[in-house]
Each structure stands twice: as structure tokens, then as C-alpha cells.
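Input: a single structure, listed below in C-alpha cells.
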Amino acid sequence: MKKYIQYITVVIIALIFTGCTENDDEFYASKYVTSNGLIEVITTSSSATVTCNFARLLPQDTNPLDLYLTTTSEEFFFNYTLEKKNNAGNWEYVTSTNYTITNNLGSNQLGSYISAICQLDALESDYQYESVITPNTAGQYRLSVDNEIVSLDSKDAVTVTIKTTVIGSNNIEFTIL
């Protein structure tokens with residue numbers, strides 16, 4: 486009987502700790518907003534330009550959301566990938582050694598995908614990002630852009646995720662000559 490009481494005690498304690506919350510957003514401070522058309526991709530026969538510019542005061546239904554006061558973050562990020570069609574007609578990821586990327590505004594973290602980092606401008610009014618990607622070889626390419634822009638290093642404040650759309654499409658195919 487004593488053994489059953491110990492087992493029941495362990496099960497009850499386990500249920501208490503696992504049943505506290507099912508959603509991380511209840512524990513971590515998070516806010517989700519929508520603002521369409523914040524990311525744009527423009528392609529030419531030699532490169533692709535990815536831009537993302539949005540105001541610190543993001544328009545919402547009633548009052549604008551002050552992103553900096555809400556997050557204390559001077560940076561937001563989104564991810565995108567560059568792929569090339571191989572001879573078999575399949576898409577393959579392009580590594581950072583096979584293209585040149587020029588940052589005009591903001592910065593990048595390179596890996597198996599590109600993390601585009603939008604930075605708050607000197608006037609603290611807009612978050613800005615612009616990079617030009619120039620593949621090293623000719624061929625058919627595709628940029629796939631995630632549709633979420635997330636605050637970076639929000640410290641003790643709220644993490645904001647902006648659900649957005651890419652002007653045109655989230656998957657853009659283009660040819661480099």
C-alpha cells in the first residue's frame with residue numbers, strides 16, 4: 486500500500502508540472518500583428534534585391550503600435566533562402582560561397598538560409614533592410630521568403646511577430662544570365 490501511495494504522489498507531481506501551460510505565449514510575453522506588403526523582392530538578369538522597410542509606429546486598427554517601446558529592440562529579422570534548379574530539374578540550396586551579397590541597409594547572418602536583419606535608422610523612425618544578391622553562375626534561381634518578421638533581442642520586453650506578405654509572391658523564380 487505504501488508503494489502505491491509513492492507512485493500516486495509521483496504521478497500527481499508530474500501532472501502538476503506538465504499541465505501548467507500548453508502555450509509558450511502564456512509564459513513568454515509575445516504579441517502578433519499583421520501588416521501586409523512589408524517585404525519586396527526585385528529581380529534582374531544579374532541579381533535579386535530584397536528590401537524591407539517599415540515604420541517604428543506600425544499602423545493597426547485603432548492606434549499605431551510603437552515597435553521600439555513594445556520590444557526595446559533596434560532590430561527585427563526575417564529569413565529567406567536562395568535555391569538553384571539543377572540539371573535534373575530539382576531545386577538545391579545555394580551556399581553563401583556561390584553568391585555575393587551586398588548590404589545597403591541592415592545586415593545579414595548567413596548559413597543554410599539568409600537571416601535579414603532590419604535595423605532601426607538613426608532618426609529612430611523606421612526599420613530598414615536592403616541587400617543585393619548576385620549569384621556567381623548563370624541559371625534558374627528561386628528566392629523563398631518567410632512571411633514573419635520577428636523582433637530580435639527584446640530583452641525583458643515583449644517579442645513582436647509581424648505576419649506580412651511579400652509584394653508579388655513568397656516564392657520568386659528568376660533567371661541569371
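Numbering (our numbering), first residue to last: 486 to 662.
Note that beta-carbon positions come from the ideal geometry of N, C-alpha and C, so glycine has one too.
Since the model is a prediction, treat every value here as computed from it, not as a measurement.
Backbone secondary structure at residue i - three-state DSSP
{"i": "ASN583", "result": "helix"}
{"i": "THR646", "result": "strand"}
{"i": "LEU608", "result": "coil"}
{"i": "THR557", "result": "coil"}
{"i": "THR622", "result": "coil"}
{"i": "ASN656", "result": "strand"}
{"i": "SER636", "result": "strand"}
{"i": "SER531", "result": "coil"}
CA-to-CA distance, residue j to residue i, given in whole angstroms
{"i": "GLU609", "j": "LEU628", "result": "30 Å"}
{"i": "VAL630", "j": "ILE661", "result": "19 Å"}
{"i": "THR580", "j": "ASN548", "result": "42 Å"}
{"i": "TYR612", "j": "ILE602", "result": "9 Å"}
{"i": "GLU511", "j": "GLY574", "result": "Residue placement at GLU511 cannot be trusted, given a pLDDT of 48 that sits under 50; what the coordinates show is reported in the next sentence. Cα to Cα, the separation comes out at about 45 Å."}
{"i": "PHE561", "j": "THR585", "result": "23 Å"}
{"i": "THR650", "j": "PHE659", "result": "19 Å"}
{"i": "ARG541", "j": "GLY624", "result": "38 Å"}
{"i": "ASN571", "j": "ASP641", "result": "46 Å"}
{"i": "GLN594", "j": "ASP546", "result": "33 Å"}
{"i": "ILE647", "j": "VAL617", "result": "23 Å"}
{"i": "GLY522", "j": "THR582", "result": "30 Å"}
Residues sharing a beta bridge with residue i, DSSP
{"i": "LEU590", "result": "GLU615"}
{"i": "LEU731", "result": "The displayed coordinates of the chain run from 486 to 662. Any statement about residue 731 would go beyond what the structure contains."}
{"i": "ALA573", "result": "None, per the DSSP bridge assignment."}
{"i": "LEU567", "result": "LEU628"}
Range of the contiguous alpha helix (DSSP H) that encloses residue i
{"i": "TYR598", "result": "Careful: TYR598 lies outside any alpha helix (DSSP H) and carries neither H nor E."}
Nearest residue (CA-CA) to residue i, options the options
{"i": "VAL526", "options": "THR644, TYR626, ASP638", "result": "TYR626"}
{"i": "SER597", "options": "GLY591, GLU577, ASP546", "result": "GLU577"}
{"i": "ASN588", "options": "THR619, PRO544, GLU658", "result": "THR619"}
{"i": "LEU454", "options": "VAL617, SER654, GLY591, ALA607", "result": "No statement about residue 454 is possible, as the shown extent of the chain runs from 486 to 662 and does not include it."}
{"i": "THR622", "options": "THR644, GLU559, SER616, LYS569", "result": "LYS569"}
{"i": "ILE455", "options": "ALA514, THR534, SER520", "result": "Summary: the structure shown does not reach residue 455, with the chain confined to residues 486 through 662, and so no result is reported for it."}
{"i": "ALA607", "options": "SER532, ALA514, GLU559", "result": "GLU559"}
N-terminal and C-terminal residue of the beta strand (DSSP E) that residue i is part of
{"i": "LYS516", "result": "515 to 519"}
{"i": "THR528", "result": "524 to 528"}
Cutoff 9 Å: residue i Cβ touching any chain C Cβ
{"i": "ASP606", "result": "You won't find chain C in this structure, because it holds only one protein chain."}
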